[in-house]
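Residue numbers (the working numbering): 116 to 254.
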């Protein structure tokens with residue numbers, strides 16, 4: 116249940132932020148069934164939990180969970196982007212802006228670091244925005 120709460124909070128934040136800031140973006144959650152449009156700017160958001168550490172032992176143990184959520188942005192190299200349109204780098208900026216100083220509604224999950232990577236690809240300008248998160252929850 117703890118991971119599910121973190122996943123829901125992160126997915127919701129990214130979905131709502133991009134829907135408001137980039138309404139024309141083809142956006143997918145990695146857990147869903149999707150097919151990338153090879154002729155449009157798109158993004159896939161993946162929730163990736165990592166380590167779980169027991170912080171306190173009591174009747175309701177407190178666990179710290181850490182992980183990386185990845186926003187993979189795919190811009191076809193053949194796609195012409197106009198000056199007034201969002202490009203892959205703009206989408207990465209929007210993702211970082213959405214999560215700077217962010218905490219979930221229950222204040223249990225927070226983002227504390229970002230990393231941007233350009234991934235070599237023949238067909239796409241592919242950028243991964245790595246969003247480092249952590250949470251503390253009682254079990």
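Backbone N, C-alpha and C fix where the C-beta goes; we use that ideal spot for every residue, glycine too.
Where the beta strand (DSSP E) containing residue 178 begins and where it ends:
Unbroken beta strand (DSSP E) run through residue 178: 177 to 191.
Is the distance from the Cβ of residue 121 to the Cβ of residue 250 below 9 Å?
Residue 121 places its beta carbon less than 9 Å from that of residue 250.
Locate the alpha helix (DSSP H) running through residue 208, then write down its first and last residues.
That run of the alpha helix (DSSP H) goes 203 to 214.
Integer-rounded CB distance, given that residue 133 should sit under 8 Å from residue 155
The pair is not a contact, with the Cβ atoms about 14 Å apart (cut-off 8 Å).
Just the Cα atoms here: how many angstroms apart are residue 231 and residue 206?
The C-alpha of residue 231 lies about 11 Å from the C-alpha of residue 206.
Please name the residue, chosen from 153, 244, 199, 248, that lies closest to residue 222 on a Cα-to-Cα basis.
Of the candidates 153, 244, 199, 248, 248 places its Cα closest to the Cα of residue 222.
For the beta strand (DSSP E) containing residue 250, name the first residue and the last one.
It spans 239 to 253 - the beta strand (DSSP E) in which residue 250 sits, taken as one unbroken run.
Cβ-based burial, residue 189 [other Cβ within 10 Å; buried from 16]:
Buried, because 16 or more other Cβ atoms sit within 10 Å of the Cβ of residue 189.
State yes or no: is the C-beta of residue 210 within less than 9 Å of the C-beta of residue 244?
If you check the CB distance, residue 210 and residue 244 come in under 9 Å.
Spatial neighbours of residue 167 in its chain, beta-carbon cut-off 6 Å, leaving aside the 5 residues before and after:
The residues are 178, 180.
Assuming residue 162 contacts residue 125 (C-beta within less than 8 Å), just tell me the rounded distance between them.
Contact flag correct, Cβ pair sits at about 6 Å.
Along the alpha helix (DSSP H) that carries residue 121, what are the first and last residues, could you check?
Following the DSSP letters along the chain, one finds residue 121 inside the alpha helix (DSSP H) bounded by residues 117 to 136.
Can the beta-carbon of residue 233 be found closer than 9 Å to that of residue 117?
For residue 233 and residue 117, no; Cβs fall outside 9 Å.
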